[in-house]
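In the working numbering, the protein residues as written are 9 to 288.
The C-beta atom is built at its ideal place from N, Cα and C for all residues, glycine as well.
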């Protein structure tokens with residue numbers, strides 16, 4: 009089971025052909041595309057607590073973390089003889105929030121060093137600020153899909169079947185880079201514009217800035233679709249794809265001023281809760 013979660017992926021950009029996504033289209037043609045899938049949160053942590061437990065996040069005060077006693081999907085796979093793995097770079101679903109429950113392998117590329125000793129006992133807020141500082145040194149705000157896919161393919165190739173593997177792609181999440189054009193200039197420009205739109209002054213975003221935000225978001229979706237296609241081709245070459253169920257789903261969407269705001273800090277409008285889901 010290959011469980012690919014795409015952070016901030018809206019339903020309409022996939023379902024309404026706003027951008028060409030040949031990988032998504034092929035998977036939908038070969039499998040099943042769900043047209044009424046709704047996230048149970050407007051941000052990553054509550055949405056993923058619901059996805060990994062099959063429960064509404066507020067049912068057990070787990071809005072931002074997984075409680076110790078909550079059974080998870082990964083634990084269910086473990087009980088049925090699966091090797092379980094998670095490899096991602098999203099600090100909102102880290103082991104500090106108990107998202108490692110049920111995983112034999114849990115690799116989180118949220119800091120440029122191993123989370124041992126003092127770091128493993130550090131407060132969640134400190135890790136988040138360290139993550140933000142580490143992002144300054146990189147040409148990309150998060151680990152891009154092309155780099156994230158390498159350890160995924162290696163893990164699959166070295167793991168005995170059956171297995172369950174989860175990742176959380178961050179490319180579509182703000183700040184939106186212009187696809188795979190990774191430069192410090194593009195990153196700093198994207199960070200500045202994103203902070204203005206999603207944090208500080210959404211009401212002052214000009215029409216040109218709005219267009220740039222949307223166009224870069226579309227480029228990110230196109231880039232991610234391409235990289236997932238390359239990844240699946242690698243698995244096919246390894247002989248690992250033919251017996252693999254592939255699931256792609258968004259954890260929530262993003263707004264582009266439909267209700268006066270950008271990003272995903274608003275009320276649960278469709279732009280934030282309706283997400284694509286494809287199973288092949």
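Item, Value
"Chain D within 8 Å of residue 45, Cβ atoms only", "No chain D appears in the structure shown, which is made up of a single protein chain."
"For residue 263: DSSP bridge partner residues", "271"
"Contact check, residue 179 vs residue 210, beta carbons under 8 Å", "no"
"Contact between the segment 270-286 and the segment 59-66 (3+ Cβ pairs under 8 Å)", "no"
"Same chain, Cβ closer than 7 Å to residue 227, five either side skipped, listed in chain order", "186 and 187"
"Cβ distance (whole Å) where residue 19 is taken to contact residue 261 below 8 Å", "7 Å"
"For residue 77, the three-state DSSP class (helix, strand or coil)", "coil"
"Close beta carbons around residue 103, own chain, < 7 Å, minus the five adjacent residues each side", "114 and 116"
"Inter-residue Cα distance where the pair is residue 286 and residue 31", "11 Å"
"Inter-residue Cα distance where the pair is residue 264 and residue 40", "28 Å"
"Cβ neighbour criterion (16 or more within 10 Å) applied to residue 170", "exposed"
"Between the CA atoms of residue 183 and residue 203 - distance to the nearest angstrom", "8 Å"
"Cβ-based neighbour list, residue 9, same chain, cut-off 6 Å, excluding 5 preceding and 5 following", "172 and 253"
"Whole-angstrom distance between residue 79 and residue 93, CA atom to CA atom", "16 Å"
"Own chain partners of residue 192 with C-beta closer than 7 Å, once the 5 adjacent residues on each side are dropped", "147"
"DSSP beta-bridge partners of residue 258", "14"
"Within the segment 37-98, ranges of the alpha helix (DSSP H) (whole runs, at least 4 residues)", "52-61 and 81-87"
"Proximity of residue 259 and residue 55 at Cβ, strictly below 8 Å", "yes"
"Counted within 10 angstroms of its Cβ, other Cβ atoms place residue 200 as buried (16 or more) or exposed", "exposed"
"Cα-Cα separation, residue 176 to residue 163", "15 Å"
"Residue 172, DSSP secondary structure in three states", "strand"
"Own chain, CB closer than 6 Å to residue 50, minus 5 neighbours either side, in chain order", "260, 272, 276 and 280"
"Integer Cβ distance of residue 13 from residue 174, believed to fall under 8 Å", "7 Å"
"Other residues of its chain near residue 90: CB distance less than 7 Å, five sequence neighbours each side excluded", "170, 171 and 172"
"Paired residues, beta bridge with residue 287 - DSSP", "40 and 255"
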